[in-house]
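Colleague: Residue numbers (the numbering used here): 16 to 728.
#1: With 16 as the cutoff for other CB atoms within 10 Å, does residue 706 come out buried or exposed?
#2: What are the boundary residues of the alpha helix (DSSP H) that residue 606 is part of?
#3: Suppose you measure from the CA of residue 691 to the CA of residue 610; what does that come to, to the nearest Å?
#4: Given a cut-off of 9 Å on the beta-carbon distance, is the pair residue 172 and residue 558 in contact?
#5: Indicate the three-state DSSP secondary structure (helix, strand or coil) for residue 406 in the structure shown.
#6: Between 402, 434, 264 and 662, which has its C-alpha nearest residue 556's C-alpha?
#7: Give the secondary structure of residue 717 by DSSP, where H, G and I count as helix, E and B as strand, and everything else as coil.
#8: With H, G and I counted as helix, E and B as strand and the rest as coil, what does DSSP make of residue 659?
#9: Between the Cα of residue 582 and the Cα atoms of 628, 501, 682 and 322, which residue gives the shortest distance?
#10: Nearest CA to the CA of residue 250: which residue from 244, 269 and 258?
#11: Out of 656, 588 and 584, state which residue places its alpha-carbon closest to the alpha-carbon of residue 428.
#12: What does the Cβ neighbour count give for residue 478, buried or exposed, with the cut at 16 atoms within 10 Å?
#13: Classify residue 633: buried if its beta carbon has 16 or more other beta carbons within 10 angstroms, exposed otherwise.
#14: Roughly how many whole angstroms lie between the Cα atoms of residue 608 and residue 662?
#15: Would you decide whether residue 620 is buried or exposed? Buried here means 16 or more other CB atoms lie within 10 Å of its CB.
#16: Could you work out which residue in 392, 220 and 137 is closest to residue 235 when comparing CA atoms only?
#17: With 16 other CB atoms within 10 Å as the buried threshold, where does residue 495 fall?
#18: Report buried or exposed for residue 96, applying the criterion of at least 16 other Cβ atoms within 10 angstroms of its Cβ.
#19: Can you give the beta carbon distance from residue 54 to residue 111, rounded, assuming they're within the 8 Å contact cut?
#20: What does the alpha-carbon distance come out to for the pair residue 655 and residue 702?
#21: What's the call for residue 613, buried or exposed, on a 16-neighbour Cβ count within 10 Å?
#22: What number of angstroms, rounded off, separates the C-alpha of residue 125 from the C-alpha of residue 247?
#23: Going by C-alpha distance, which of 391, 694, 408 and 389 is nearest residue 398?
#24: Distance check for residue 490 and residue 184, CA to CA, integer angstroms please.
#25: If you check the beta carbons only, do residue 244 and residue 406 fall under 9 Å apart?
#26: If you measure between the beta carbons of residue 328 and residue 396, is that distance less than 9 Å?
#27: Write down the C-beta distance between residue 342 and residue 217 rounded to the nearest angstrom, noting that I regard them as a contact closer than 8 Å.
#28: Extract the residue ranges of the alpha helix (DSSP H) inside the stretch 121-166, only unbroken runs of 4 or more that lie entirely within it.
#29: From residue 665 to residue 709, what does the alpha carbon distance come to, in whole angstroms?
#30: DSSP three-state label for residue 236, please.
#31: Assuming residue 368 and residue 390 make a contact with CB atoms under 8 Å, what is their CB distance in whole Å?
#32: How close, in whole Å, do the beta carbons of residue 230 and residue 337 come, if the pair is a contact with beta carbons under 8 Å?
#33: Can you find the residues in the same chain that come closer than 6 Å, C-beta to C-beta, to residue 319, ignoring five residues on each side of it along the sequence?
#34: Determine the DSSP secondary structure at residue 515, reduced to helix, strand or coil.
#35: Report the rounded CA-to-CA distance for residue 262 versus residue 42, giving the unit in angstroms.
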């Protein structure tokens, strides 16, 4: 029988004390990059100093009916062709010639080799960002292939927030290290250049017929592909073993525009909030920022909005550059590749140039480092900006050289205030979520009353279900919607919008791609739609570990609220719209509303602790959540043997016993683990127990979380 003697420093506790920001700066000890500029960081440095672009004519598929003939392609794949889809070959199969893991592993191995970390493989995590995954279908599966290639045995997390994915991934990696969930994290992202992506962006009218010219003329972007990875470690650990310090990550910010599927908020307020959040997280003053690596897509809306936000938050015209003239828009890999380019330059006392600049556009910086090669300049503190479809913004505060560590900050208590469940058995709130056990939560989701909930009936199914669950979860909260965030577990693109986009291509060819369906088919599209529908403008993220994704989203949202003050509440949960028609599948959404309290909560449901470990390692998670030594019940999701194992891991102090997640929800990669939290909250609220342990080990990571009920004493 395990007892609560496990090391406290290996889990996150929300007790108002905390240790999250007292562990020193997180440093970069390895970097790896592949893109149209070549393979390896050295090839990228050479291209920068030669003023060479990787943009060239696309030869892997026919571009005659598209809005451009240009792309930025990895030279190693020269000569490969993407077949045309047909009756016997779907879009996923046409992408087989361009395996995303091949691209990603090449970059990850370079970073790993340079860092040469010495950590226990079970204490090494991977955080992987991607926009389209492998052929628009595989997401967390790609992360597992990368982890296997590096022989990583710790958690594997996939972030899919469209073009801000890898920037978000690096920020999350910093958190995993700061909170002691890992000793080394490999973080980055990758995406490939496929016909359907070019067709979708072409349908949106944002591609340029000449190489991308950020902040200049003509307007438009050029799509590319690539992969970039960083190896991150705590500075004390890195210095003890004499590892290189290639840069440092001091903070990050996330926000939602809540404005439009593809167009950024023209006021720039969304990016402004992310910049402000990153500066506060890093404990920096705006005047201390030396340089900004902008997202700078070359499109009219993005470039102007970004510059507006930079001026508003930094209150002066700092040097700004964009690297897409060299790299093209590498989608989910853009953030990490552009950060690597910047760090390469900073280490030699320079800043990267903005290639193809032919003079400023109105509302853009007048001096965006418009040189052919990196310009001499010393940079100590800088920002990396990313903005994405669905209004998902991410900003990193990073350093080069010696920058003081962040001061320790107290951690708040995190309380669970509401539950919203939308599924095959109907709609449930906190009080009645106990009825999930025994309800028939298998099959098609029951339709929700959008009029009664104040929702737009034109939302696609995933967006409608997620928004309905979020509205219900928020019923008992009083916080500002602008200060409320949204963290969502999702494992695939929304089926309805993906099918409409696919059908448009099959019926009319790539030139007839539906722009509206393409805009709604990213994994984070329901998150963006929900943010806009409900006005949730705080930190936002969409993540996947396969099964268990909903539980992880809830845990990470709790971490955010415990450590930071840029959100008063976060809605967290999951949505699933299965593609198949298996009899045990279930579709729908589950959300919980989390709030923050700096005083010991009374008469509240509290997220007391959580931990994460590698696949099939639930016991390690339980041992790190030391409050789970004696609990009123356990809810588990995993192989049948896990139910029996769970009885040996804890002392059960109540009538609930051990409940299998399959008793609450049918097969659903993301949602079932969130339904387990909703069920536990309802049991606690009804006074059936004082604490419940929730465990999942069916995904790319194992997760354990403890909920407790604090009586009004």
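Beta carbons are placed, not taken as given, at the ideal position from N, Cα and C, and that holds for glycine.
Modeller: With the structure as the only source:
#1: buried
#2: It is not in any alpha helix (DSSP H) - residue 606 instead sits in the beta strand (DSSP E) that spans 603-612.
#3: 19 Å
#4: yes
#5: helix
#6: 402
#7: strand
#8: helix
#9: 501
#10: 258
#11: 584
#12: buried
#13: buried
#14: 30 Å
#15: buried
#16: 220
#17: exposed
#18: exposed
#19: No, residue 54 and residue 111 are not in contact; Cβ-Cβ is about 21 Å, not under 8 Å.
#20: 28 Å
#21: exposed
#22: 14 Å
#23: 408
#24: 31 Å
#25: no
#26: no
#27: With a Cβ gap of about 19 Å, residue 342 and residue 217 do not count as contacting.
#28: 155-165
#29: 12 Å
#30: strand
#31: 6 Å
#32: 7 Å
#33: 378
#34: helix
#35: 6 Å
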